[in-house]
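In my numbering, the protein residues as written are 5 to 941.
C-beta atoms are modelled at their ideal positions from N, C-alpha and C, and glycine is treated no differently.
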């Protein structure tokens, strides 16, 4: 080996050895700063990694929930085949026996394409009659004189899904063929009760050759899981149905199902019920993930009419597969898209705040090391060498912290995709490792003069900054306009420009405030300069000399406050929408009525309800639907709901609920009221409140009304868009005391917390046909999906994170000037400044910027919500199901005062607290340490 190579190797070893002591020395010299940076990176990396995992988790849970709770007739995949073609009778019989159908069933399940997976415990197969067969037995019930119609099925594994209540399980005796004369069957308890089946009952089933097939009932069973797909796909298997024939006054007849053993299927081939084999595949939702939606929809479509269907036909013959699972997936995808767009707004906001705070931290560390790096630069240090060393010492702290944050996120949040979390944590590490060395070294490209002022009072924005601000302004205007025009929905995924609208608005506001900040300070300084005290003038002068590098703090504060206010307002709007929907569903805090709101309530029930605990007032209401309105000389041409009320109590109820408030005296009728059962005078006209549509039809002239409550004339005296008693669009409200046939059909109860148990007990004593609806229960029904609760948790976390980053930004901005303030207090104490005056000085110095950030954040948060509210619809996030969800078409964003005020007050309080603590700490230290010779602070 040559001497030259030895010397090069030694130099390389020396350089490598020189780098390690630098990093170790720096970490030992400033362990607190390194630990603080590592903790901040750990927290931010945890949030960046936990967010996509949390979204994955709630979307996956939402998908499983939607598939699992969906009605089985929509989610189950049913494969049906025509009956065996005429031919050799033995082959036809063998093809429908349980063993043959079971073999096909197992092959079909094994051949399902991923990610279509079957729940084998709820999947079934068999043969059933596709057309009901009339039963002529005299003992069967006939509500309208029509014979009941029965279907026959041979479901697989019946003993595993039902419990035998009476009798014995059906069996086959020998080998059943198409020539069989008798088979056994069971019925469910509901079928036996409705159609009077007993053990030993027989049904004569007509066959194609004229001889009857006797079906003997050997047992009565009860389904183990009645709502499971096995029983609920074809509800007739467990529950009979009373069916109406078409017509004006339709007669009714019963239809029910009898369950035969699988090997009795050949006997059904001889009946007139057109028997056909079926295989019902219940989907297994437990292993589905949100990432499977697109593939699952594609595979289901292929099973319905594609290559996968051809594979199934190779197993089951000319079969067809039907399901609405693809529609369920489409509805889920629409809900996920609507919710994810709203959640993305919160994610972009918190991500922007976190990035600004990380950059502020880097700026603080760079400012603390400015003199050290300037000395290295003056002694020949290259920018590349300084940047490399800064990168090394930053990476030593940042990379392990980001990795630990990723591990904590993976451990804290359930099973989800790993790569989005890795990308999030890596982005945080890269941002810190690149931004900190780069921003620090770029400041030392050219020598800087010591003592040069760099404050907001004297700073003059450059042309580049002006161009950048104008660019951001254009982007903000475009984002706000796009969000207002088409909302948060974006075809094909998230629109990050629209999602960044709150951030861009906050950014523009921060830039504007940074430009306007010196103006009020200059005016205030001129006014305070005329006063005798020096503290006010000195504090304003110090506030005006705040470094221009404090603009990132203002930016972080405004964006954080805007994001926090936006998130809090979203949650408040969601809660308000649920309250509104619950009120629409019940009309009051509790509602007691019979079927269809038309069954008269007994007087005893009214008295018992008034005595129940928590009841403040009860509004009795008489409701009659389909009342005929004579709106012209041609006769009846419209119908509406008639609502008879007590004007006083009902007006208070409408005012309390906000559903069509009106003055009670509007419904006061002139003339004497008729007695009960006495027709009113033909000349008497009742004043009514009507919905806008009904008022338009009736006009201003008296019109005749024909109702069970009486025949009378009405005149519209006012309109209300909604009313608590009914949720229809066409209604009339009249004073119940003016009706001929008065009765109470609904009770609307108000109170702080009505006793549900007492109300239900009173309704039960009055009769089983009366029901109780509570507004609190209706409201709880709107929050029953994992996607809703998961999105709300993310928004709550975003609010907490935004508030935390806002407070951290305040703390960092104050810490950046802490050494200079401490030295200033030390100098002023030598001139006679007292500790109390020092505390006032620091407090007044921190107040202008804190008040500016707080007031700006409050104003910008309100403006952002007002600008973006028309484009943000929270219906999907607020409501999932329930009677009120259909009536509530939209749930718009609205400003929440607490979400606006609390974070702003927190910023001011924290700034004052930090200033007080700093003044107290500076007062405990001696002045000699701070007043060193040659110190430039």
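For residue i and residue j, I'd like the C-alpha separation in whole angstroms.
i, j, result
"residue 444", "residue 782", "58 Å"
"residue 597", "residue 618", "19 Å"
"residue 344", "residue 505", "15 Å"
"residue 886", "residue 244", "With a pLDDT of 48 at residue 886, under the threshold of 50, the predicted position of this residue should be treated as unreliable, though the coordinate-derived value follows. So the alpha carbons of these two residues sit roughly 26 Å apart."
"residue 319", "residue 81", "16 Å"
"residue 111", "residue 316", "9 Å"
"residue 672", "residue 739", "7 Å"
"residue 364", "residue 357", "10 Å"
"residue 888", "residue 187", "Unreliable positioning characterises residue 888 in this predicted model, as indicated by a pLDDT of 48, which lies under 50. The coordinate reading is nonetheless provided below. If you take the alpha carbons of residue 888 and residue 187, they lie about 50 Å apart."
"residue 215", "residue 156", "17 Å"
"residue 36", "residue 482", "44 Å"
"residue 298", "residue 812", "42 Å"
"residue 730", "residue 665", "14 Å"
"residue 472", "residue 422", "36 Å"
"residue 256", "residue 236", "23 Å"
Within a Cβ cutoff of 6 Å, which residues of the same chain sit near residue i, ignoring the five residues on either side of it in sequence?
i, result
"residue 381", "448"
"residue 943", "One cannot answer for residue 943 here, as it falls past the ends of the chain, which runs 5 to 941."
"residue 387", "445"
"residue 484", "505, 871"
"residue 651", "668, 671, 739"
If we count the other Cβ atoms within 10 Å of its Cβ and call it buried at 16 or more, is residue i buried or exposed?
i, result
"residue 200", "exposed"
"residue 278", "exposed"
"residue 132", "buried"
"residue 437", "buried"
"residue 503", "buried"
"residue 3", "Since the first and last residues shown for the chain are 5 and 941, residue 3 lies out of range."
"residue 14", "Model confidence at residue 14 stands at a pLDDT of 49, short of 50, so the residue's coordinates are unreliable and nothing is read from them."
"residue 773", "exposed"
"residue 705", "exposed"
"residue 118", "exposed"
"residue 143", "exposed"
"residue 441", "buried"
Measuring CB to CB, does residue i end up less than 8 Å from residue j?
i, j, result
"residue 408", "residue 856", "no"
"residue 807", "residue 667", "no"
"residue 331", "residue 121", "no"
"residue 265", "residue 85", "no"
"residue 724", "residue 742", "no"
"residue 575", "residue 800", "yes"
"residue 805", "residue 416", "no"
"residue 4", "residue 192", "Because the chain here runs from 5 to 941, residue 4 falls outside it and cannot be looked at."
"residue 802", "residue 427", "no"
"residue 346", "residue 864", "no"
"residue 915", "residue 854", "yes"
"residue 758", "residue 594", "yes"
"residue 432", "residue 559", "no"
"residue 818", "residue 368", "no"
"residue 967", "residue 790", "As shown, the chain starts at 5 and ends at 941. That puts residue 967 outside it, with no answer to give."
"residue 699", "residue 646", "no"
Tell me which same chain residues have a C-beta within less than 8 Å of the C-beta of residue i, skipping the five on either side of it?
i, result
"residue 608", "769, 770"
"residue 418", "57, 61"
"residue 476", "508, 511, 512, 515"
"residue 862", "565, 569, 904, 905, 908"
"residue 276", "135, 137, 210, 211, 212"
"residue 115", "315, 316, 319"
Nearest chain C C-beta to residue i closer than 8 Å, yes or no?
i, result
"residue 739", "Included in the structure is just one protein chain, with no chain C present."
Starting from the C-beta of residue i, find all residues in its chain whose C-beta is less than 7 Å away, skip the five residues before and the five after it, and write them out in chain order.
i, result
"residue 171", "203, 222, 223, 224"
"residue 46", "405, 408, 409"
"residue 68", "289, 290, 292"
"residue 71", "79, 287, 289, 292, 332"
What is the C-beta distance between residue i and residue j, in whole angstroms, given that I count them as a contact (C-beta under 8 Å)?
i, j, result
"residue 274", "residue 212", "6 Å"
"residue 718", "residue 736", "7 Å"
"residue 840", "residue 873", "With 8 Å as the limit, residue 840 and residue 873 do not qualify as a contact, their Cβ atoms being about 47 Å apart."
"residue 592", "residue 752", "4 Å"
"residue 329", "residue 270", "The Cβ separation is near 32 Å, so there is no contact."
"residue 658", "residue 732", "With 8 Å as the limit, residue 658 and residue 732 do not qualify as a contact, their Cβ atoms being about 16 Å apart."
"residue 4", "residue 206", "Since the displayed the chain opens at 5 and closes at 941, residue 4 lies outside it and no answer follows."
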